[in-house]
Amino acid sequence: MAYEHVGDNPFTPSFGEVPLIMAGRAQVIQELGRSFSSASRRPILTSVISGARGTGKTALLTFAEAQARERGWVSVSLVSLPGLLEEAYEQSCRQADHVIDMTLRTKRISSLGIGPMSVGISHSETTTPGWRTRMSVLLDRLAEKGVGLLMTIDEITPRLDELIQLTSAYQLFVREERRVALLMAGLPHNVSLLLNDKSVSFLRRAESIRLGRIADHEIERALRDTFAQSGRSVSDGVIEEAVHAIGGFPFMMQLVGFNMWEEGGTSKDIKDARARRGIRLATEEFKTRILLPSYQELSPMDRRFLQAMLQDEGDSLLSTIARRLGKTNSYATQYKNRLLEHGIIGMRGSRSVGFELPSMREFLVEQKG
Ligand SMILES: Nc1ncnc2c1ncn2[C@@H]1O[C@H](COP(=O)(O)OP(=O)(O)OP(=O)(O)O)[C@@H](O)[C@H]1O
Ligand SMILES: [Mg+2]
């Protein structure tokens, strides 16, 4: 067979990388774009994104930042860790450098030891204004140029004081009608704990973006288009098998696509047998990289709940599970909630649950055997 030139693998089975084509999420993407262009304030500018591991929270934050920058905003990416406030200020100054000259960066200058000013001056001796004042000055300067500031905070944890302080200050910035946006992302459990913190109760009125499974037809289109835009193709039948294996899970879409591409060798039209091998490899890798560690984090009762779901072919009624476990409905509900927060199961209507992760059923059967 003649050697055909095949480009680099376009799939991104990694962390937070914006994929070549985002499957689904069209509405949120469109609304974000609109809100960064709009002169009036749109609600999505203050949003809390929640979703299980690998559902695309970080990728969406990164995507939003790129959109904001394209529309002239200054944008900073933060992680909910100690030092958050200073990091937010420092990054904002750095990112705003091309628009404004921040002469108030005293602390940074003295800590770098530039010029005679720094000699013998420790941080505590300088009259560095408080964080909120410094941020306000920065925002004033940006406002003079008509530039907005987007802060994204990933991996939110409820127990970080600085996160509470930052969101409280943000609320004031909004009240002062400043051009600011705050997008936060975290695991469902951490998000609900944060929203329950009384000092940031205004966040409960923020937009809530829940990332879950992506519809099969959206996955199919994104998969096909990623291959097509990168100059390769896969037969319709195999695409269908791939969509089935992906089960609407963003990370799995990248893993399946990546393996199909790699196994496809040097031909532009990837042979069915090779593509199928790619799907099989991806499914195995998903088990060891995602399903097994997720399962190991669960308590024995969580596991029993999942095993009890196996007796149903499709979704399971909560009351049936409670009966199988020999427990009350409210006892079973507690475990249902835990599993929902782990992103392992999802609600199907108001009284039934189903598996949220692809291949979970097969994996559980293997664990049992
Ligand atoms: N809409 C999407 N369509 C296709 N692939 C996506 C989409 N969103 C994210 N991905 C891909 O899925 C993978 C996981 O995304 P990401 O790291 O953003 O998830 P996460 O929710 O932040 O996970 P974690 O909780 O582990 O941080 C990445 O490889 C990314 O490229
Ligand atoms: Mg992430």
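Whatever position you read off the sequence shown (first residue = 1), add 17 for my numbering.
Idealized CB from N, CA, C, for every residue including glycine.
Residue i beta carbon near ligand 1 (any heavy atom closer than 7 Å)
| i | result |
| --- | --- |
| residue 271 | yes |
| residue 76 | yes |
| residue 50 | no |
| residue 305 | no |
| residue 88 | no |
| residue 72 | yes |
| residue 29 | yes |
| residue 268 | yes |
| residue 204 | yes |
| residue 119 | no |
| residue 39 | yes |
| residue 371 | no |
| residue 42 | yes |
| residue 68 | yes |
| residue 296 | no |
| residue 85 | no |
| residue 259 | no |
| residue 239 | yes |
| residue 338 | no |
| residue 362 | no |
Residue i CB to nearest heavy atom of ligand 2 below 7 Å
| i | result |
| --- | --- |
| residue 33 | yes |
| residue 114 | no |
| residue 171 | yes |
Residue burial classification, residue i (beta-carbon count within 10 angstroms, cutoff 16)
| i | result |
| --- | --- |
| residue 249 | buried |
| residue 207 | buried |
| residue 317 | exposed |
| residue 169 | buried |
| residue 127 | Below a pLDDT of 50, predicted positions are generally treated as unreliable, and residue 127, at 42, falls in that range; the measurement from the model is reported next regardless. The residue is buried, with at least 16 neighbouring Cβ atoms inside 10 Å. |
| residue 24 | exposed |
| residue 163 | exposed |
| residue 114 | exposed |
| residue 347 | exposed |
| residue 414 | Residue 414 cannot be examined here, being either before or after the span of the chain that is shown, 18 to 386. |
| residue 339 | buried |
| residue 323 | buried |
| residue 262 | buried |
| residue 134 | Confidence at residue 134 is low in this model, with a pLDDT of 44, below 50, so its placement is unreliable and no value can be given for it. |
| residue 230 | buried |
| residue 325 | buried |
Spatially closest choice to residue i from the options, by CA coordinates
| i | options | result |
| --- | --- | --- |
| residue 300 | 85, 324, 329 and 379 | 379 |
| residue 165 | 153, 284, 290 and 73 | 153 |
| residue 44 | 227, 245, 149 and 320 | 227 |
| residue 51 | 201, 39, 36 and 90 | 90 |
| residue 328 | 314, 370 and 289 | 370 |
| residue 98 | 115, 81, 160 and 183 | 183 |
| residue 225 | 61, 33 and 23 | 61 |
| residue 281 | 304, 260 and 255 | 255 |
| residue 101 | 87, 179 and 305 | 179 |
| residue 362 | 335, 345 and 56 | 335 |
| residue 187 | 87, 34 and 105 | 105 |
| residue 381 | 312, 235, 368 and 173 | 312 |
| residue 103 | 48, 57, 315 and 150 | 150 |
| residue 201 | 119, 38, 194 and 73 | 73 |
| residue 233 | 257, 274 and 319 | 257 |
| residue 330 | 351, 372 and 368 | 372 |
| residue 56 | 275, 194, 185 and 119 | 194 |
| residue 385 | 353, 119 and 321 | 321 |
Beta-carbon spacing of residue i, residue j below 8 Å
| i | j | result |
| --- | --- | --- |
| residue 31 | residue 203 | no |
| residue 63 | residue 272 | no |
| residue 239 | residue 270 | yes |
| residue 399 | residue 349 | The question about residue 399 has no answer here: the residues shown for the chain are numbered 18 through 386. |
| residue 205 | residue 360 | yes |
| residue 243 | residue 28 | yes |
| residue 65 | residue 223 | yes |
| residue 295 | residue 277 | yes |
| residue 76 | residue 33 | yes |
| residue 88 | residue 54 | yes |
| residue 156 | residue 190 | yes |
| residue 83 | residue 49 | no |
| residue 171 | residue 315 | no |
Contact test: residue i Cβ vs ligand 4 heavy atom, cutoff 7 Å
| i | result |
| --- | --- |
| residue 36 | Looking at this structure, you won't find ligand 4 anywhere; what it does contain is ligand 1 and ligand 2. |
Cβ-Cβ separation, residue j to residue i (assumed contact under 8 Å), whole Å
| i | j | result |
| --- | --- | --- |
| residue 374 | residue 298 | With 8 Å as the limit, residue 374 and residue 298 do not qualify as a contact, their Cβ atoms being about 18 Å apart. |
| residue 217 | residue 211 | 7 Å |
| residue 279 | residue 26 | 6 Å |
| residue 332 | residue 365 | 4 Å |
| residue 214 | residue 181 | 6 Å |
| residue 93 | residue 109 | 5 Å |
| residue 251 | residue 287 | 5 Å |
| residue 160 | residue 196 | 7 Å |
| residue 303 | residue 376 | 6 Å |
Any C-beta of chain D under 8 Å from that of residue i
| i | result |
| --- | --- |
| residue 227 | Among the protein chains of the structure shown there is no chain D, as only one such chain exists. |
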